[in-house]
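Undergrad: Counting in the numbering used here, the sequence shown runs from 19 upward without gaps. The beta-carbon is built from N, C-alpha and C at its ideal position, and this holds for glycine as well. Just passing along the structure, written as C-alpha cells.
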Amino acid sequence: MSAHFHLFAYAPLRGGVSMASLLEGAKLVGRATVPGTLHEMREGHPALVLAGHGIVPGEVWRCPASLLWRLDEHEGVEEGRVRRVGVRAGPYACWTYVAGARMVRRG
C-alpha cells in the first residue's frame with residue numbers, strides 16, 4: 019500500500035468536525051471536478067452520486083495512508099451512510115465518498 023492517497027472532497031466532511039482536524043498531515047493539492055450530482059442526505063448534508071449530467075467541484079488532498087480508516091469511520095462507511103469509491107478528479111486518481119443506500123432522501 020502506498021504511503022499516501024488522494025482524496026476528492028466535494029463538501030465539508032460530515033458531522034461539524036473541521037477539515038483541519040480530520041485532514042491532519044494532509045496537503046491541499048488543488049481544485050478539481052468530477053462528473054455527477056449532489057443530493058441531499060437525510061441529515062441535510064450533500065452526498066455525491068456518480069450519475070447525471072452535472073459537474074461537482076471540489077478539492078484534492080494528498081493524505082497520509084493512516085488517515086483512510088479515520089475518514090471512513092467519520093463518514094459512516096461501516097454504517098452504510100456512504101461508500102468510498104475511486105474517481106478521477108482532474109489528473110488525480112482519488113478516493114471519495116458517495117451516497118450509500120441509506121442516505122439519499124426519497125420523496
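(1) Any idea if T114 is buried or exposed, counting beta-carbon neighbours within 10 angstroms, 16 or more meaning buried?
(2) Which residue wins for smallest C-alpha separation from R106, given the options H22, P64, G54, L46?
(3) Pull the bridge partners of W87 from the DSSP assignment, please.
(4) What's the call for A27, buried or exposed, on a 16-neighbour Cβ count within 10 Å?
(5) Excluding the five sequence neighbours on either side, which residues of its own chain have a C-beta within less than 8 Å of the C-beta of D90, listed in chain order?
(6) Going by the CB atoms, is the gap between A44 and W87 shorter than 8 Å?
TA: A quick look at the data gives this:
(1) The sequence position of residue 114 within the sequence shown is 96, counting from 1. Buried.
(2) On the sequence shown, position 88 is the one that residue 106 refers to. Taking only the C-alpha atoms, the option nearest R106 is G54.
(3) Residue 87 sits at position 69 when you count from the first residue of the sequence shown. The partner list for W87 (beta bridge, DSSP) is empty, contrary to what the question assumes.
(4) Position 9 of the sequence shown holds residue 27. When all chains shown are included, A27 counts as buried.
(5) One-based indexing of the sequence shown puts residue 90 at position 72. Within its own chain, the residues whose Cβ lies closer than 8 Å to the Cβ of D90, once the five positions on either side in sequence are excluded, are E96, R102, listed in chain order.
(6) Looking up residue 87 in the sequence shown gives position 69. Looking up residue 44 in the sequence shown gives position 26. For W87 and A44, no; Cβs fall outside 8 Å.
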